[in-house]
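Here is the structure we will look at.
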Amino acid sequence: MIDYAQALNEAQYQAATSGDGPVLVVAGAGSGKTRTIVYRLAWLAENGISPDAMLLLTFTRKAAQEMLHRAGMLLNQGLTGVQGGTFHAFSFSVLRRWKPAWLADRPFTVMDAADITAAVKHCKDDLKLGRGDKSFPKTQTVVGLLSKSRNKELPLDEVLRREAFHLLPHADSLTRLGDAYDSYRREKGLMDYDDLLFELEALLRNNEMAAASLRQRFSHILVDEYQDTNLVQARIVRLLAGPEDGPPGNVMAVGDEAQSIYAFRGANVRNILDFPKFFPGTTVIRLEENYRSTKPVLDVANSLLAHAAESFHKNLFTRKEGGELVRLVTPMSDASQAKIVVRRIEELLRDHMPHEIAVLFRAGFHSYNLEMALNQAGIGFRKYGGLRYTEAAHVKDVMAYARLLLNPLDLPAFARVAAQHSGIGPKTVEKLYAVARSGDAASTEKAFGRHTGFLEDMRFINDLRTRPMSPSSTLAAVLEHYRPRLETLYPEDWPRRQQGLEEIIQMASGYIHLDLFLADLALESPEEDENDTEGKITLSTVHSAKGLEWNAVCIIDLVEDRFPSRHALARPEDFEEERRLMYVACTRARQNLDLYAPASLYNRAERGSQHVNQSPFVRELAPNLVEEWIEGFGGILSRRAAGSSGGAQPSYQARFQARPLARPQATPDYAAFDDCQLPAEQEKTSPGQSFSQSRNFAPSPAPAGSGATPTGSTGGEIKGDAAQGQLCYCTHRIFGRGKIIKHLSPEKVQVNFPGFGLKVILSEYLLMEN
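Going from the sequence shown to this note's numbering is simple: count from 1 and add 1482.
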């Protein structure tokens, strides 16, 4: 017999040996979640539960196999008979036996990714959609949008409105395409990945014999990473546990609401928060002892959770002694931030191996400055989540213009610019290059006559060559020229790419000569061994870092509009997901945690750096939780004395009072705005308006407490003076009281908030003043 009390801590023991009925194990970061599930499986087997009666649902087949293998090792025998795997694999195994009614006696086939893409393309061609319209999204993008619509259970036009606003003109066509794709699958007896889940739910609801058989077989259900389930997956678990109008059976869900960060994939945090509601009689067990991080790291993590609008109120603790205080560094700018982080990494390399050091960020393009600084310092790195800036196609496009500006005979750059135009193949490129190389202006004009777009590119480059400018000004001109091309070449995600391109201008601002900048971009070794990670540090988006851990972690760009992302500030649900993302980032650190919040970011519209506010997640940290360092002129870091205000930001708690998230009346939506981009002029100060002008107005302060509007409360339709274009005041839950500056659409307004500046907000999240 296994000595469970000796092998597990008190909370783990309670979870592993719990009796019948629904159980929710709220497993904090690094608290031994997998170990608990493994011992639970072993305990069930030792207490007479047949392996055939156990169902283990996970999000990867590898996770299920590892858990079953470890449980079998504990028992000194295998656990053959346990059905363990992903929701999709389980659904397929059931539907093989209990076919949906619409299939009758026909066989069905599960489509793989290539099949799905080919089917959508067939329907697209059949409907003659997108022909001659380069703004129509590519097939792969359409596949993702259709899947997202189903997983979030939202109409397709609603998904576009929230996450791909620039594709809204194609909403009707995409809806028709989605309907055609549905008919295509039904006619040919096909199911895609999403069908498997919805067909299983329909089976459990409509086929009483099948539902009873499954419930009788699986007397004990375990679900891992429950916070990552979407709506249909949660309903499937409930239906397997018993009829919805009856008491639930033996279900153990293991997860952490504080690590629910995949709303963009359809994950719904309400599934775990409302588990006790959907499974009456639930026993909630909290795993709070952390085996990964030091106490200072956990103190910061606990502070983040303490300010959450809704949670299970965990308090992570550790028995580890010591640990360095978390460092909060304020660089003067995002450019100097990169240099400071590199210096810190060089310090950390004295005590840690490179693969035990990581730098985390909210979005892939946030690391561009750092990548260049690391290259210059000769520090190798691996990047996860987003391409390196030199690998991205749109970056290569822009760099091709700059390369041709410096070297008109650069054939690869010439070919890349030419490839941006239809009708120019490799042979035509060679002919045009030969003519251009001859230097005969008349011959060049004649040869390029059939390719007017490419001719305009060459004229643009020649014109730039006659106007000596700084590298940043040159690249700014290239971006202006390239912008229409960007929208045409990458219609599905050009706003995201545009945001990354603007980072290049900031990167080039520290250079006097364009050729030096281009040379630094080419410093990377062209070939890397994919398995050579020992000698490299890690750069990663937080989403890609979930489930991983390092001895030392640096989190960069902890400022408003970056972390949290600019779109998360519009809706409380999105803001809370950003908080959870920050929590995940902090809990990746075992020993050292550094937080970086630059005082300014490069702003292309301002032609220079613009002051930014620290992330609200940083502002709400108590001074005793962090060791503060400030960059002075000359790049010198000075430690801020304890208790010194030092011009710190106003307390975030005074602006935002945490309240439970309201439950929407319609279909719940907790989608992130990560992929949705607004035009630049809607995000920053309006043209001709300086930074100081955008922040100097000061309306009278609102009454105490008015800065916190209950989630879901709205001012309704904007009426009166506001509707007629007159300025009026409103209140936002996060930013407090502000003045409406401009109406951008029937749904969006631009508001100036004291201390925060101009923000684009959905009007439904504003309480209008009469």
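Every residue gets a Cβ at the ideal spot worked out from N, C-alpha and C, and that includes glycine. Just so it is clear, the structure is predicted and the values come from calculations on it, not from any experiment.
Which one or two residues does DSSP pair with residue i in a beta bridge?
i, result
"G1566", "L1538"
"C2036", "V1841, D2076"
"I1484", "BP columns for I1484 are empty, so no partner."
"D2043", "S2047"
"L2249", "T2213"
"A1735", "L1506, V1705"
"I2112", "T1812, S2120"
"H2225", "V2231"
"I2243", "V2231"
"R1768", "V1508"
"L1866", "Sequence inspection shows Tyr at residue 1866; the Leu mentioned does not correspond to that position. DSSP, once it has assigned bridges, lists S2022 as partnering Y1866."
Using 8 angstroms for Cβ pairs, my map puts residue i next to residue j. What's the rounded Cβ distance?
i, j, result
"A1855", "V1824", "5 angstroms"
"T1542", "W1525", "T1542 to W1525, Cβ: 23 angstroms. No contact."
"L2075", "V2035", "5 angstroms"
"L1769", "K1515", "7 angstroms"
"K1878", "G1748", "Not a contact, Cβ separation roughly 33 angstroms."
"L1538", "V1564", "6 angstroms"
"L1914", "A1924", "Contact doesn't hold; Cβ gap of about 15 angstroms is too wide."
Rounded to the nearest angstrom, what separates residue i and residue j at their Cα positions?
i, j, result
"V2242", "V2233", "6 angstroms"
"D1615", "H1652", "11 angstroms"
"V1714", "L1786", "30 angstroms"
"H1570", "S2120", "54 angstroms"
"K1603", "L1672", "16 angstroms"
"F1794", "W1584", "43 angstroms"
"F1647", "M1549", "42 angstroms"
"R1717", "A2050", "27 angstroms"
"P1778", "G1612", "55 angstroms"
"A1497", "Y1521", "9 angstroms"
"I1822", "P1813", "8 angstroms"
"S1954", "A1884", "11 angstroms"
"V1625", "T1599", "7 angstroms"
"A1845", "L2226", "26 angstroms"
"Q1494", "G1510", "12 angstroms"
"K2224", "L2063", "32 angstroms"
"E1974", "Q1622", "9 angstroms"
"Y1486", "R1801", "20 angstroms"
"A1553", "Y2065", "30 angstroms"
"G2116", "S1818", "10 angstroms"
"L1722", "A1535", "12 angstroms"
"A1840", "F2045", "17 angstroms"
"L2248", "P2236", "15 angstroms"
"L1659", "L1638", "11 angstroms"
"N1465", "I1484", "In this structure the chain extends from 1483 to 2252, so residue 1465 is not present and cannot be described."
Report buried or exposed for residue i, applying the criterion of at least 16 other Cβ atoms within 10 angstroms of its Cβ.
i, result
"T2213", "buried"
"L1893", "exposed"
"E1690", "exposed"
"Q1858", "exposed"
"Y1773", "exposed"
"R1941", "exposed"
"H1551", "exposed"
"S1513", "buried"
"L1650", "exposed"
"D2043", "buried"
"S2082", "buried"
"D1816", "buried"
So, for residue i: in the same chain, excluding its five sequence neighbours on each side, which residues have a beta-carbon less than 6 angstroms away from its beta-carbon?
i, result
"V1766", "L1506"
"N2033", "H1834, E1838, R2072, Q2073"
"H1848", "D2039"
"E2110", "L1810, R2122"
"R1720", "F1760"
"G2029", "none"
"S2133", "Note that S2133 scores 35 on pLDDT, short of 50, meaning its location in the model is unreliable; the coordinates nonetheless yield the value given after this. There are no such residues."
"A1882", "A1895, R1898, V1899"
Return no unless some Cβ of chain D is closer than 8 angstroms to the Cβ of residue i.
i, result
"P1778", "Although the question refers to chain D, the structure presented lacks it and comprises just one protein chain."
What residues in its chain sit with their C-beta under 7 angstroms from that of residue i, if we drop five residues either side in the sequence?
i, result
"I1906", "A1900, H1933, F1936"
"L1755", "E1739, E1792"
"Q2131", "Here the model assigns Q2131 a pLDDT of 39, short of 50, so the residue's position is not dependable, and the following value carries that caveat. Same-chain partners within the cutoff: N2095, Q2096, R2101."
"H1903", "H1933, G1935, F1936"
Could you name the residues of the same chain whose beta carbon sits closer than 8 angstroms to that of residue i, not counting the 5 residues immediately before and after it, in chain order?
i, result
"Y1850", "Y1871, G1982, E1985, I1986, M1989"
"L1523", "M1536, L1538, M1549, L1550, A1553, L1561, V1564, L1704"
"T2023", "L1842, F1843, R1844, A1845, G1846, Y1866, G1867, G1868"
"R1697", "L1722, A1723, G1724, G1731"
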